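The block underneath contains the structure these notes are about, expressed in structure tokens.
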Amino acid sequence: MFKREPRRALAMTAVLFLALTSATACAGRDAVTAPQGSAMAENRRSTEEGTIAVREFSATPDRLPSCFHGVGGATAYRPPGSSGDGRLVTLGTGPRGVVFAPISWGDACEWAAEAKRLAAGGYHVVTFDWGGDRRRTVSEATRLLRSRGATNVAWVGGCMGGTLMLGMLTDRTDRPAGVAGISPLASLGGYSAGKGTSYDGELLLLGTADDPLSDEGRLREVAHSFPEAEVTVLPGTLHAAEIFAGPHGAAARRSLDGFLDRTFAPAGS
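Everything in the sequence shown is counted per the working numbering, starting at 14 for the first residue and increasing by one.
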């Protein structure tokens, strides 16, 4: 069984001090040539032909990670000013955008299973490899979705990715409609409630009871600074995206889907 706490209409802010974690990254992924996705076909450009414009977001086509090979419409981009890092992978279409952020040393493949599932369900998804400026990577992923027609965007981040996204809620630009922190790190948070700007979007904090990096106690420590958040604690020790592939993956997906339903619910519903 897992526990939930309802959202409460209270003001919330977050301040993030970014640090590295010891979490293991998704590794051993070979890059393959990106298939012609809708954006690439529309522009009739390849990586060698230079920068393309995706409406108001300019990016260079890049090689698609093998975990997305064969996924219709999946397209990889390298953001402007990048020297090879910060690759963005898009899939799906439509106005409901979701940005997935990996763990500290993670990459675009970490959330591949959930990204594919949500894209098949009508969401417009971006996942990515971290760039040198991690806040900028999240912002660029958000801008890319909006340039491709997403009218609202939710952020979903695992471990340090979720911690970073929660901390970015103090920024007044690129604010999402909702944030889900999956196994966020209390030790990196520096969170404080009731100071500075308020945030009235949807919030979800999800983790496992005995996760060595983000157990139930640490998860609820984060929740003290985000009193509007729904908290879901599942049994076990799995961390971040691993939870969705584990024995309680169905419960994790139900929690995430409920968060997304609320995030994109019509106004006044």
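Cβ atoms here follow ideal geometry from the backbone N, Cα and C, with glycine treated the same way.
Here the structure is a predicted model, which means the values were calculated and not measured.
Exposure of residue i, with buried meaning 16 or more beta-carbon neighbours within 10 Å
| i | result |
| --- | --- |
| H237 | exposed |
| P223 | Position check: residue 223 holds Asp in this sequence, whereas Pro was assumed. Classification of D223: exposed, given that the 10 Å Cβ count is below 16. |
| G85 | exposed |
| G144 | buried |
| G83 | exposed |
| G191 | buried |
| D270 | exposed |
Residue i to residue j span [Cα, whole Å]
| i | j | result |
| --- | --- | --- |
| M173 | P279 | 30 Å |
| R100 | G170 | 16 Å |
| L77 | A121 | 10 Å |
| G180 | T73 | 29 Å |
| G94 | T103 | 19 Å |
| V166 | A87 | 18 Å |
| G259 | L226 | 17 Å |
| F277 | S79 | 30 Å |
| D146 | A133 | 30 Å |
| R148 | F239 | 20 Å |
| I116 | A199 | 14 Å |
| E229 | H252 | 12 Å |
| G135 | S152 | 22 Å |
| K129 | F81 | 8 Å |
| G162 | I256 | 30 Å |
Residues near residue i in its chain [Cβ-Cβ closer than 7 Å; skip 5 each side]
| i | result |
| --- | --- |
| T164 | P108 |
| D142 | D98, G99, R100, D120, A121 |
| T150 | G99, F141, W143, G144 |
| L158 | G110, V112, H137, V139, V166 |
Own chain partners of residue i with C-beta closer than 6 Å, once the 5 adjacent residues on each side are dropped
| i | result |
| --- | --- |
| L219 | I195, T245, S268 |
| G249 | T221 |
| D75 | A89, Y90, R91, R100 |
| G175 | G194, I195, P197 |
| A154 | L101, V112, V139, F141 |
| P48 | The predicted model places P48 with a pLDDT of 33, which falls under 50 and marks its position as unreliable, so this point remains unresolved. |
| G262 | none |
| R184 | Before going on, a small fix: residue 184 reads as Asp here, not Arg. Excluding sequence neighbours, D184 sits near nothing in its chain. |
Beta-bridge pairing of residue i - partner residues as DSSP gives them
| i | result |
| --- | --- |
| L101 | Y90, F141 |
| A114 | G170 |
| R188 | DSSP lists no partner for R188. |
| E109 | As written in the sequence, residue 109 is Arg, which differs from the Glu given in the question. Bridge partners of R109: N165. |
| G220 | V246 |
| E215 | G191 |
Distance CB(residue i)-CB(residue j) smaller than 7 Å
| i | j | result |
| --- | --- | --- |
| V235 | W168 | no |
| R275 | E215 | yes |
| W124 | A254 | yes |
| Y212 | L182 | yes |
| A114 | M178 | yes |
Spatial neighbours of residue i in its chain, beta-carbon cut-off 8 Å, leaving aside the 5 residues before and after
| i | result |
| --- | --- |
| L131 | G105, V111, V138, L273 |
| R188 | L182, Y212, G214 |
Neighbour flag for residue i against chain D, beta carbons, 7 Å
| i | result |
| --- | --- |
| G107 | This model lacks chain D altogether, as it is built from one protein chain only. |
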